[in-house]
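Presented below is the structure to which this report refers.
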Amino acid sequence: MNILVFAFIPLILSLGIIPALQSEFIPSVDAIKAKGNSMTEINSNKVCGDRLCSEISDNKITSPHVVTKSQKALFPSSMDYTVTGPEIDPDKGYAVIEIGDGLYWLTDGMYQVMFLATGQGVILVDAPMGMGTKIQQAISEVTSEKVTHFIYSHIHKDHVGSASLLPKDTVYISHSDTAEHLIMKNDPQRPVPTVTFDDNYTLNVGDQRLELSYIGDFHSKGDIVVNSPAHKVIMAVDFFHPKAAPFQYFGITRDMGEHIAAHDKLLSMDWDIIVSGHEPILGTPEHLKFNKEFTLSVLDNAYTAMKTTKPSANYFGDLANKCAELTVEQYPDLKDIEVSPVENCVTMVFYAMID
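Take 1 as the starting number for the sequence shown in UniProt numbering and just add one per residue.
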């Protein structure tokens with residue numbers, strides 16, 4: 001990637017592109033903030049159980065299980081974990097905590113999993129490679145129910161690479177893009193989903209309900225948001241790190257525009273806790289609002305670097321370094337701020353320059 005970047009520099013300089021980018025063609029981040037990010041409605045096939053909704057006469061969907069939302073709620077004490085993470089048992093290597101009626105949070109201090117005991121089986125969301133058999137061990141500590149449904153939050157093996165360890169009759173659910181990717185990969189550690197959807201899917205099992213939605217590829221391919229509306233808990237994996245700077249290249253996002261837009265889309269939902277997939281704590285809307293502020297500040301710093309940095313043989317490197325310097329100065333106390341500031345600014349500079 002670096003070779004290609006530097007190969008283009010002489011051409012860019014000769015064409016006079018850089019001075020143009022440093023002129024009035026550089027947009028203001030304030031204009032982006034003012035414009036906002038509206039949700040995009042996607043027309044797609046709706047999935048009702050194992051069939052298309054259009055295949056069901058009169059589109060009348062009858063669920064065999066009626067979920068009474070008032071029966072389920074988030075425990076107030078769970079908010080404590082948005083400030084300080086739980087103690088991890090060194091012998092087990094994890095902590096499993098019921099954060100709401102039948103809703104559990106499983107973490108090893110680095111990775112996070114969510115699962116629900118439904119009375120008719122366990123719904124598990126994600127199965128990180130590093131946790132392996134510990135996941136089912138943790139589940140067995142709190143319920144005698146076996147896993148009946150598994151949800152892929154996205155394609156990445158580090159979060160779902162233990163999915164193959166589940167019971168053979170498990171129903172695997174994902175976005176259609178995730179399924180397409182897993183078919184291509186033919187990876188025995190990530191079984192091909194048996195139920196897929198394009199934009200929305202509602203899963204009712206026993207006395208629990210989950211609403212799955214696609215709001216764009218904010219991180220990778222087939223990213224989804226998993227929502228337990230009764231508990232007011234959502235799960236959006238690898239989007240951001242509560243109370244910490246982003247992982248490098250903004251969590252190796254494949255689309256910085258979708259990444260930025262996802263903040264407002266998530267904040268428009270009604271929730272109190274977000275399971276982010278990483279960090280020792282749970283997240284809140286305030287954490288996400290801060291992350292939006294941080295992300296737009298980095299974008300602002302990228303524009304500032306483009307306006308003030310002179311063309312050179314290492315122009316893109318100079319831009320990233322200047323952006324990183326400004327960002328670290330603004331957020332000196334943020335956890336992990338000095339781990340990947342240049343890498344994050346590389347992503348933002350290219351987004352600001354060519355997207």
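Beta carbons are placed, not taken as given, at the ideal position from N, Cα and C, and that holds for glycine.
If contacts are defined as beta-carbon pairs under 8 angstroms, then residue i and residue j qualify, I think. What distance do you get, rounded to the angstrom?
i	j	result
Ile234	Ile274	5 angstroms
Leu326	Thr304	6 angstroms
Tyr111	His231	In fact, because the Cβ distance is near 21 angstroms, the residues do not count as touching under 8 angstroms.
What number of angstroms, rounded off, separates the C-alpha of residue i from the C-alpha of residue j?
i	j	result
Ala262	Ile215	7 angstroms
Met348	Asp199	28 angstroms
Pro76	Pro311	55 angstroms
Lys134	Pro167	14 angstroms
Val205	His287	31 angstroms
Asn45	Thr196	Reliability of the predicted coordinates at Asn45 is poor, the pLDDT of 42 falling under 50, and the value obtained from them is presented with this limitation in mind. One C-alpha to the other measures close to 10 angstroms.
Ser297	Gly121	45 angstroms
Ala236	Met306	32 angstroms
Ala179	Ser140	28 angstroms
Asn186	Gln136	24 angstroms
Pro332	Ile155	33 angstroms
Should residue i be labelled buried (16 or more other beta-carbon atoms within 10 Å of its own) or exposed?
i	result
Thr295	buried
Lys292	buried
residue 356	Residue 356 is absent from the structure shown; the chain starts at 1 and stops at 355.
Cys345	buried
Gly36	With a pLDDT of only 46 at Gly36, under the threshold of 50, the placement of this residue in the model should not be trusted; the figure read from the coordinates follows. Gly36 is exposed by the Cβ-count criterion.
Leu267	exposed
Thr84	exposed
Ser63	Reliability fails at Ser63, whose pLDDT of 33 lies under 50, so the model's placement of it is uncertain and the value that follows must be treated cautiously. Ser63 is exposed by the Cβ-count criterion.
Met114	buried
Glu87	exposed
Whose C-alpha, out of the options, is nearest the C-alpha of residue i?
i	options	result
Asp177	Gly102, Ile260, Ile224 and Pro229	Ile224
Thr118	Ile183, Arg209 and Tyr172	Arg209
Tyr351	Lys221, Tyr315, Met256 and Gly277	Met256
Pro340	Gln248, Asp333, Met269 and Arg254	As written in the sequence, residue 340 is Ser, which differs from the Pro given in the question. The option with the nearest alpha carbon to Ser340 is Gln248.
residue 368	Leu165, Ile173, Tyr104 and Val171	For residue 368 there is no data in the structure shown, the boundaries of the chain being 1 and 355.
Pro188	His175, Ser162 and Thr202	Ser162
Glu258	Ile252, Phe250 and Phe218	Phe218
Ile123	Asn227, Pro285, Asp264 and Tyr81	Asn227
Thr107	Asn321, His241 and Ala95	Ala95
Asn301	His149, Gly251, His181 and Lys322	Lys322
Met131	Glu145, Ile155, Thr148 and Ser164	Ser164
Bridge partners of residue i, per DSSP?
i	result
Lys335	Ala244
Thr202	Glu211
Met114	Trp105 and Val125
Asn291	Beta-bridge pairing links Asn291 to no other residue.
Asp89	Tyr94
Tyr172	Phe150
Please decide whether residue i counts as near chain C, where near means a Cβ-Cβ distance under 8 angstroms.
i	result
Leu334	Any reference to chain C falls outside this structure, which holds one protein chain only.
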